[in-house]
Amino acid sequence: MSEEQRYRPDDDCPLFSERLEEHIVALTRGDLPNHGRFCGNCYTPLSHDSARCPHCGALTDGPLAPVDAIPDELIDMLREQRKTESRIVTTFAYSGFVLAIVTGLAIVLGIPYLRAHLLPATIVYGLYLLIAGRTFAGVLGGYYGDHIAYDRARTRMRMRWAAWVSAR
Ligand SMILES: [Zn+2]
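Right under this line is the structure:
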């Protein structure tokens, strides 16, 4: 699953606008320097003349003035979020393969003809693994894994954000 296809719930959290996320990804890759004009509240990249953040609505002449770099702590938050997500998605995808192996064995051993004939049993088992393994891994990793991973990683990241906001 590519990063562009990631599940994104609309949870009303002002954190990590798409523009900020793209910016941090570019920073991490080394495509951009960590310098510019960012919202003082949510750190969304701002154009030079904008008086209001397009993401959270904070005014640039308000109490949280724009900053010229994204804080390291915030970059680390996004990295941790992504790491947590990919770990959970991978775990779910592997569970899909294990599920295919186990159910495939149950099918082959449950049909008397296949149990008695090794070659057809191997062929059926191989085909089943090929199809069911991909399907289960896709459904578990891509759908359930992605949703659960995003929610869990996001919850954790919001806690870090709350701690960060109260300290900044
Ligand atoms: Zn903002």
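Numbering (the working numbering), first residue to last: 37 to 204. Where a beta carbon is used, it is the ideal one built from N, C-alpha and C, also for glycine.
A residue is called buried once 16 or more other Cβ atoms fall within 10 Å of its Cβ, and T80 is buried on that count.
Distances taken from the Cβ of A94 to the heavy atoms of ligand 1 include one shorter than 7 Å. Classified as exposed, Y179 has fewer than 16 neighbouring CB atoms from the shown chains inside 10 Å of its CB. Rounded to the nearest whole angstrom, the C-alpha separation of S122 and E109 is 20 Å. Annotated as proximal: V125 and A185, with beta-carbon spacing under 8 Å. Residue state for R73 is assigned as coil, using DSSP reduced to three classes.
For T158, the enclosing alpha helix (DSSP H) stretches over residues L154 to A173. Taken from the Cβ of T80, at least one heavy atom of ligand 1 lies inside 7 Å.
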